[in-house]
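*Asks:* Below you will find the structure I want to go over with you.
Protein chains: 2
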Amino acid sequence: MSVEEIQAAQTMDRLGLLLAHHGTVAQVRVRHALGVTGFGARHAVTLMHLAESGPMGQQALIEALGVDPSVLVTVLNDLERDGLAERRRDPADRRRHIVEMTEAGAGALTRVHDALTEVERELFGDLDQDEIEHLHRLLSRVRTTPEEQACTEE
Amino acid sequence: MSVEEIQAAQTMDRLGLLLAHHGTVAQVRVRHALGVTGFGARHAVTLMHLAESGPMGQQALIEALGVDPSVLVTVLNDLERDGLAERRRDPADRRRHIVEMTEAGAGALTRVHDALTEVERELFGDLDQDEIEHLHRLLSRVRTTPEEQACTEE
DNA sequence: TATTGTTATACTCTATAACTATA
DNA sequence: TATAGTTATAGAGTATAACAATA
């Protein structure tokens, strides 16, 4: 890229930086909105997935959520401490823990959704419903999972 | 929101969470791509703004970049240590520092842009040019600046 | 020996408040 | 007293490696 091109570029012309910035702000907003119950976006996503897919092993959760094992441990510790989810050993393979959302977890999830609705209203208030859906579709197609592409280069 | 609606919702139906997640990944990717020179998205944005707007006070940079004063200090410390930018006192008001990008900074900016291009190619590789521009326009309209709306509620 | 989950640790980013120096 | 910049610190997120228990 030439010096002229660089100097002509507006700061937020770089979509990667724009996404990084807006995403970080979104994360902070979500955390504040959930603040009352003391957890963050990770906790919300985990609860949602448990509600959606039912009881499952931590390994499955790790893959579904795309988080590091050590991250999931701390999230589950928090959820369990607050009685929103429970771990129990799998009798068939005592290495595994089956994670299940509790009734209290389902109640908390309702409040989580309400908080998210509020955050989204703030973030996306300048877009109409059509634009929001379009943004959603485009964002869904951004590649954020570790790449398993064939090595075409490098 | 009813229990039925919640259980029907797919995890990533919540645009706020999707944005938060993708944005965090983008930030990590940017940091890794810039890793060779040892700085992150903040440093890139700061350099870009200095290239774009020329020498300016830290106060102006703080507003332009939307960062906390203490954040800017550490970013400028890093840039200055590596000789990419310089602070000098404003003779007219010795409280102020004027920040200016160096020649080395301009050179580094070229590499920053190349790294960003690579990151964006990975993130947005499944979108065509038209979709990328559309995503850019939509993301630009997401409200991430502190709200100064009239208090219509709460 | 491999796998599941846990612990410990280090690094980055964000945010707040207290501080120095100038005005 | 107000403003520009700095320092110190706390909190959240990410990432890695070492570890215990079980298979």
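Those protein sequence lines, which keep their order, are chains Y and D. Remember, this note's numbering sits 500 above the position in the first sequence when you count from 1. Remember, this note's numbering sits 500 above the position in the second sequence when you count from 1. Beta carbons are placed, not taken as given, at the ideal position from N, Cα and C, and that holds for glycine. Small disclaimer: the values here were computed from a predicted structure and weren't measured.
How would you call Gln-507/Y, buried or exposed, if buried means at least 16 neighbouring beta carbons within 10 angstroms?
*Replies:* Along the first sequence, one-based indexing puts residue 507/Y at 7. Note on Gln-507/Y: pLDDT 43, under 50, position unreliable in the model; the coordinate value appears next. Answer is exposed; the Cβ neighbour count stays below 16.
*Asks:* Between Gly-607/D and Arg-637/Y, what straight-line distance do the alpha-carbon atoms span, to the nearest angstrom?
*Replies:* In the second sequence, residue 607/D corresponds to position 107, counting from 1. In the first sequence, residue 637/Y corresponds to position 137, counting from 1. The straight-line gap from Cα to Cα measures roughly 37 angstroms.
*Asks:* Can you have a look at His-613/D and say buried or exposed, based on whether 16 or more other CB atoms are within 10 angstroms of its CB?
*Replies:* For the purposes of this step, residue 613/D is identified with residue 113 of the second sequence, where counting begins at 1. Buried, by the Cβ-count rule.
*Asks:* Using only CA atoms, which one of Glu-631/Y, Ala-604/Y, Leu-639/Y, Leu-572/Y lies nearest to Val-545/Y?
*Replies:* As a first step, residue 545/Y must be located in the first sequence, where it is residue number 45. Minimum Cα distance to Val-545/Y is reached at Leu-572/Y.
*Asks:* Mind pulling the chain Y residues with CB within less than 7 angstroms of Gln-559/D?
*Replies:* Locating residue 559/D in the second sequence gives position 59, where the first residue counts as 1. Those do not exist, as Gln-559/D stays about 17 angstroms from chain Y at its closest Cβ, beyond 7 angstroms.
*Asks:* Considering just the uninterrupted stretch of the alpha helix (DSSP H) at Asp-614/Y, what are its terminal residues?
*Replies:* Reading the first sequence from its first residue, position 114 is the one you call residue 614/Y. It spans 603–623 - the alpha helix (DSSP H) in which Asp-614/Y sits, taken as one unbroken run.
*Asks:* With a cut-off of 9 angstroms, does the C-beta of Gly-523/Y fall near any C-beta of chain D?
*Replies:* Residue mapping note: residue 523/Y aligns to position 23 of the first sequence, counting from 1. Yes, Gly-523/Y counts as interfacial toward chain D.
*Asks:* For the 8 angstroms Cβ check, are there 3 or more pairs between the stretch 613–623 of chain D and the stretch 566–584 of chain D?
*Replies:* At 8 angstroms Cβ cutoff, the stretches do not touch.
*Asks:* Could you compute how far the alpha carbon of Arg-514/Y sits from the alpha carbon of Arg-588/Y?
*Replies:* Stepping through the first sequence from its first residue, residue 514/Y is reached at position 14. Stepping through the first sequence from its first residue, residue 588/Y is reached at position 88. Spanning the two alpha carbons is a distance of roughly 46 angstroms.
*Asks:* When the Cα atoms are used, what is the spatial distance from Leu-519/D to Asp-626/D?
*Replies:* Counted from its first residue, the second sequence places residue 519/D at position 19. Counted from its first residue, the second sequence places residue 626/D at position 126. If you take the alpha carbons of Leu-519/D and Asp-626/D, they lie about 17 angstroms apart.
*Asks:* Is any beta-carbon of chain Y found at less than 9 angstroms from that of Val-503/D?
*Replies:* On the second sequence, position 3 is the one that residue 503/D refers to. Reliability of the predicted coordinates at Val-503/D is poor, the pLDDT of 48 falling under 50, and the value obtained from them is presented with this limitation in mind. With 9 angstroms as the cut-off, Val-503/D counts as an interface residue toward chain Y.
*Asks:* Using a cut-off of 9 angstroms between C-beta atoms, extract the partners of Glu-539/Y located in chain D.
*Replies:* As a working note, residue 539/Y is residue 39 in the first sequence. Note that residue 539/Y is Phe in the sequence shown here, rather than Glu. Result: empty, since nearest Cβ-Cβ is about 13 angstroms, beyond 9 angstroms.
*Asks:* Measuring only from the beta carbon, is His-597/D closer than 8 angstroms to any heavy atom that is part of the ligand ADP?
*Replies:* In the structure shown, the ligand ADP is absent, as is every other ligand, since no ligand is present at all.
*Asks:* Of all Cβ atoms in chain D, is any one closer than 9 angstroms to the Cβ of Thr-574/Y?
*Replies:* Indexing the first sequence from 1 puts residue 574/Y at position 74. So no, Thr-574/Y is outside the interface.
*Asks:* Name, please, each residue of chain D whose Cβ falls closer than 8 angstroms to the Cβ of Val-498/Y.
*Replies:* Residue 498/Y lies beyond the stretch modelled for chain Y, which goes from 501 to 654, so this question has no answer here.
*Asks:* Kindly list the residues whose CB is nearer than 8 angstroms to the CB of Ala-533/Y, restricted to its own chain and excluding five residues on each side of it in sequence; keep chain order.
*Replies:* Reading the first sequence from its first residue, position 33 is the one you call residue 533/Y. Counting only Cβ-Cβ distances below 8 angstroms, and skipping sequence neighbours, we find Ala-615, Leu-616, Glu-618, Val-619.
*Asks:* Does the contact criterion of 3 or more C-beta pairs under 8 angstroms hold for the stretch 549–557 of chain Y versus the stretch 589–604 of chain Y?
*Replies:* As far as the Cβ criterion goes, the stretch 549–557 of chain Y touches the stretch 589–604 of chain Y, which means the pair count is three or higher.
*Asks:* Cβ of Val-530/Y within 9 angstroms of Cβ of His-522/D?
*Replies:* For this step, residue 530/Y is matched to residue 30 along the first sequence. For this step, residue 522/D is matched to residue 22 along the second sequence. No.
*Asks:* Using a Cβ-Cβ distance cut-off of 9 angstroms, determine whether Ile-632/D contacts chain Y.
*Replies:* As a position in the second sequence, residue 632/D is number 132, starting the count at 1. For Ile-632/D, the answer is yes, since a Cβ of chain Y falls inside 9 angstroms of its Cβ.
*Asks:* Going along chain Y, which residues have a C-beta under 8 angstroms from Ser-640/D?
*Replies:* Against the second sequence, residue 640/D aligns to sequence position 140. Going along chain Y in sequence order, the residues near Ser-640/D (Cβ under 8 angstroms) are Met-512, Leu-518.
*Asks:* Less than 9 angstroms between CB atoms is the rule here; does Met-556/Y satisfy it with respect to chain D?
*Replies:* Position 56 of the first sequence, counted from the start, is the residue given in the question as residue 556/Y. So no, Met-556/Y is outside the interface.
*Asks:* Does the beta carbon of His-636/D come closer than 9 angstroms to any beta carbon on chain Y?
*Replies:* Looking up residue 636/D in the second sequence gives position 136. Chain Y contact via Cβ: present.
*Asks:* What distance in whole Å lies between the Cβ atoms of Gly-516/D and Ala-564/Y, which are believed to be in contact at a cut-off of 8 angstroms?
*Replies:* To locate residue 564/Y, count along the first sequence from 1; it is residue 64. To locate residue 516/D, count along the second sequence from 1; it is residue 16. 19 angstroms between Cβ atoms; not a contact.
*Asks:* Assuming the contact rule is C-beta atoms closer than 8 angstroms, Asp-578/D and His-549/D should be a hit. Round their C-beta distance to whole Å, please.
*Replies:* Counted from its first residue, the second sequence places residue 578/D at position 78. Counted from its first residue, the second sequence places residue 549/D at position 49. Actually they do not touch by this definition, with Cβ atoms about 15 angstroms apart.
*Asks:* When the Cα atoms are used, what is the spatial distance from Ala-551/Y to Met-601/Y?
*Replies:* Counting from one through the first sequence, the residue named residue 551/Y turns up at place 51. Counting from one through the first sequence, the residue named residue 601/Y turns up at place 101. Ala-551/Y and Met-601/Y: Cα-Cα distance of roughly 7 angstroms.
*Asks:* Quick check on Ala-482/Y - is its C-beta less than 9 angstroms from some C-beta in chain D?
*Replies:* Chain Y is shown from 501 up to 654; residue 482/Y falls before or after that span and cannot be answered.
*Asks:* Please name the residue or residues paired with Ile-598/Y in a DSSP beta bridge.
*Replies:* Counting from 1 along the first sequence, the entry for residue 598/Y is found at position 98. Partner(s): Gly-557/Y, Arg-588/Y.
*Asks:* At least one CB of chain Y closer than 9 angstroms to the CB of Gly-605/D: is that the case?
*Replies:* Translated into the one-based positions of the second sequence, residue 605/D becomes position 105. Gly-605/D does not count as touching chain Y.
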